[in-house]
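**Student:** The listed protein sequences derive, respectively, from chains A and B.
Residues in the first sequence are numbered consecutively from 253, following the numbering used here.
Residues in the second sequence are numbered consecutively from 98, following the numbering used here.
All residues carry an ideal CB built from backbone N, CA and C; glycine is no exception.
Structure in structure tokens, see below.
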Amino acid sequence: MTLLSLALYSIPAIIGALMVHIIWRGTNSKIILVKISLGVGIGMGITSLLYFLFLFTQQSWFLILLFGIALLFAFLAFRVWQPFDPTHNEPFSPLQKVLFSILAVIIIIDLAAFISTSMRIPHGAWDSWAIWNRVARFIFRSGEDWQRIFSGEFDWLFHADYPLLVPLTTAWVWDVLNVETQKAPMIQAAIFLFLCGLLLFSALFATRSLGTACLATIVLLANPEYIGISSVQLADTPLAFFIAATAILYVLYDKYRQPQMMVLAGMTTALAAWTKNEGWVFMAGSLAGLFIISYKNESAWRLAGWYAAGIALPIAIVLFHKLVLAPTNDIYDQSSVEIMTKLFDFARYGMIAREFGVALFTFGGWGFNAPALLAYYIIMKSKSSDSTPLSRGVLTVLIILLVQLLGYFATYLVTPRDLEWHLAFSLTRIIYHVFPTALFLLFLVTDTPESIFSQLKNSNTVIQQGF
Amino acid sequence: MTIRRILQVGLIGWVIYSSFTQSFAYLISTKERGSLEQDPVTTWETKFVRLKKALPTSTVAVGYLADWDVPGITYNDGNQYGEYVLIQYALSPVIVARDTDYEWLVGNLTHEAYEKWQRSTQGSFEVSFFRNNLYLIHKVKP
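Next up, the structure:
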């Protein structure tokens, strides 16, 4: 079942990678990995949207449909195919080889931790039973009556309004295999665990250096919160992936200036909203990012048009789910008086700010919490730095992070649940949503390990010459 | 070599060192997630096999009755929520509503809670008892 599930998930991965290559025809060899990582995530998301529509047909030829789409995209990709430009002919330095080897070891440790966790708790953690895997079970077991997942009879604990990317990605594999195997959500979790790492690695390899890419990915994959949350079949890692993917696309647009990349940014934004309700908060950040990247740009409207082309269809399906099928979210299931009372309760502001501070200080154990990342920035951002200046791309990522955190702050302000309980059970996870994006930003603007060690080597040479 | 360069090199070394130690520590800590023999959710699900068979296949939703619904019974709030979520997971695709206004009720009651509920409830019920404090209650007459 493991191999079969893996084989099935490779179909949307191929579809997505081909689609990304058809839309964004850049041939720089440094972006191949970026395209693959974006493509796998987008492919998984688009396939879940397709399966959502397919459920209405009550048919059983979804696999044939996927094969058909894969063949079509392969044909289209072949038609637009151009050889990639070899831009990296230099051999890797010893430092790069060492960092790459360390990254390989961390990946092996993560894989072992993932397997150990999955064997001990194959059904995942609380939210996996309560929401993601439960919905997948309802869809698979209910057959034609799958819309039962939206029933108003569910207790609020089960969040019947939550978006469906993760449960549908499990359910379509069960449907095709006609077996309810836990290997499907496990493999889905493993894919997003390592995909987020690949995205960060490839984006920093394309924009900074191999050493920076290795170091940032080591920090991400070694974070106990990251591996812990990613291993238990939750939707937080896919959401973190789509947030990071959108931010990275804005930065890459700033570098490569290919407007088709905005199509992909539109898609990843819609897929964030299809993954978790927090994705709707991210939509505000993504639109703010689009505004910054297009501001005083001659082709601003064209960029917005490309973005709209990418977001339109997926977001229409997501809106259909949200407005027509899903019950009201519990946050909106309260009167405006209740909401206003909470907004004017300043003790809530203090409590949320304090808890945000604590979470930022303790996130990721003793290794990579916010003060550690800040210290990294202060030490690694030198005046003679070769690092990226405050470009529009960097500003865009900063704004995305800020809007996302402010959106979460506002959500806590009006939560209908006990605030203390809500903060205790979700704050670490929501900080985790922006962690890969924050790491991307940090390593984008700081010195590369290569530059630090090359200057070190030069200064040693000077000292030796002096003697 | 400036102090900044020393700090930068040291910081990279620290990042790598802490990455290794954290990764290993996390890998070792996964043992605390439970046994490799049988996970708690699967164990929980096996308790429901007979109850699920006893429930008519056409049932779309059932009510749920637990210790927290019986006045005067002490209970652990966290456990009650946890068991409720697991019961919903195990009984999927049957909706388990926190309401007793259903033809079929699933009872997750200690003996004391069941006795108390039975004494205080009006109406006519057929009750099937399963092991592990589980009851399937069929409302015959409201």
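Put A:PHE620 into one of helix, strand or coil per three-state DSSP.
**Tutor:** The answer is coil: DSSP assigns A:PHE620 none of H, G, I, E or B.
**Student:** Can you name the residues of chain A whose CB is closer than 8 angstroms to the CB of B:PHE121?
**Tutor:** Going along chain A in sequence order, the residues near B:PHE121 (Cβ under 8 angstroms) are ILE361.
**Student:** Measure the beta-carbon distance from A:LEU665 to A:ARG606 and round it to whole angstroms, keeping in mind my assumption that it falls under 8 angstroms.
**Tutor:** In fact, because the Cβ distance is near 14 angstroms, the residues do not count as touching under 8 angstroms.
**Student:** With DSSP run on the structure shown, which of helix, strand or coil describes A:GLU396?
**Tutor:** The answer is helix: DSSP assigns A:GLU396 an H, G or I state.
**Student:** What residues from chain C crowd round B:TYR172, counting only those whose CB sits closer than 7 angstroms?
**Tutor:** Chain labels in this structure do not include chain C; the protein chains are A and B.
**Student:** Identify the residues that DSSP records as bridge partners of A:PHE444: which are they?
**Tutor:** DSSP output for A:PHE444 lists no bridge partner at all.
**Student:** Give the single residue among A:GLN440, A:GLN348, A:ARG460, A:ALA412 whose Cα lies nearest to the Cα of A:VAL387.
**Tutor:** The residue with the shortest Cα to Cα distance from A:VAL387 is A:ALA412.
**Student:** Can you confirm whether B:VAL182, when its beta carbon is compared against all beta carbons of chain A, has any partner nearer than 8 angstroms?
**Tutor:** Yes - at least one Cβ of chain A is within 8 angstroms of the one on B:VAL182.
**Student:** Got a sec? Which residues, its chain only, sit under 8 angstroms from A:ALA690 by beta carbon, not counting five neighbours each side?
**Tutor:** Within the same chain, A:ALA690 has close Cβ partners LEU625, LEU653.
**Student:** Under 8 angstroms, do B:LYS213 and B:VAL167 count as touching if we go by C-beta distance?
**Tutor:** Cβ atoms of B:LYS213 and B:VAL167: closer than 8 angstroms.
**Student:** Interface residues of chain B around A:TYR414 at Cβ under 9 angstroms?
**Tutor:** By Cβ distance, chain B contributes nothing, its closest Cβ being about 14 angstroms from A:TYR414, past 9 angstroms.
**Student:** Going straight from the alpha carbon of A:THR593 to that of A:PRO688, what length do you get?
**Tutor:** C-alpha separation (whole angstroms): 35 angstroms.
**Student:** Applying the 10 Å Cβ sphere with the 16-neighbour rule, what's the burial state of A:ASP670?
**Tutor:** Exposed, because fewer than 16 other Cβ atoms sit within 10 Å of the Cβ of A:ASP670.
**Student:** Report the start-end ranges of each alpha helix (DSSP H) in the segment 332 to 400 of chain A that is 4 residues or longer and not cut off at the edges.
**Tutor:** Those alpha helix (DSSP H) runs which fall completely within the segment 332 to 400 of chain A and span 4+ residues are 346 to 372, 385 to 394.
**Student:** What is the DSSP secondary structure of A:GLY557, counted as helix, strand or coil?
**Tutor:** Note: A:GLY557 maps to helix in three-state DSSP.
**Student:** Using a Cβ-Cβ cut-off of less than 8 angstroms, list which residues of the segment 462 to 481 of chain A approach chain B; keep chain order.
**Tutor:** The residues in question are LEU467, ILE470, VAL471, LEU473, ALA474, ASN475, PRO476, ILE479, GLY480.
**Student:** Look at the Cβ atom of A:ILE354, then the Cβ atom of B:PHE121, and state whether they are nearer than 8 angstroms.
**Tutor:** Against a cut-off of 8 angstroms, the Cβ pair of B:PHE121 and A:ILE354 comes out as no contact.
**Student:** Taking CB distances under 8 angstroms as the criterion, tell me whether B:GLY204 reaches chain A.
**Tutor:** It does not; no Cβ of chain A falls within 8 angstroms.
**Student:** If I follow the unbroken alpha helix (DSSP H) through A:SER289, where does it start and stop?
**Tutor:** Residues 284 to 307.
**Student:** For B:THR143, which of B:VAL237, B:PHE227, B:ILE234 has the nearest alpha-carbon?
**Tutor:** Checked all of B:VAL237, B:PHE227, B:ILE234; the closest Cα to B:THR143 is B:PHE227.
**Student:** For A:PHE613, does the count of other Cβ atoms within 10 angstroms reach 16, so buried, or fall short, so exposed?
**Tutor:** Counting Cβ neighbours within 10 Å, A:PHE613 comes out exposed, since fewer than 16 surround it.
**Student:** I'd like to know if A:LEU409 contacts chain B, where contact means its C-beta is closer than 8 angstroms to some C-beta of that chain.
**Tutor:** Closer than 8 angstroms to some Cβ of chain B, the Cβ of A:LEU409 qualifies, so yes.
**Student:** Could you check what DSSP says for A:PHE719 in three-state terms: helix, strand or coil?
**Tutor:** Because A:PHE719 carries a pLDDT of 43, less than 50, the predicted location of this residue cannot be relied on, and the following value inherits that uncertainty. Coil, per DSSP.
**Student:** Sort B:PHE117, B:ASP164, B:ASP198 by Cα distance to B:GLY204 and report the nearest one.
**Tutor:** It is B:ASP164 whose Cα lies nearest to the Cα of B:GLY204.
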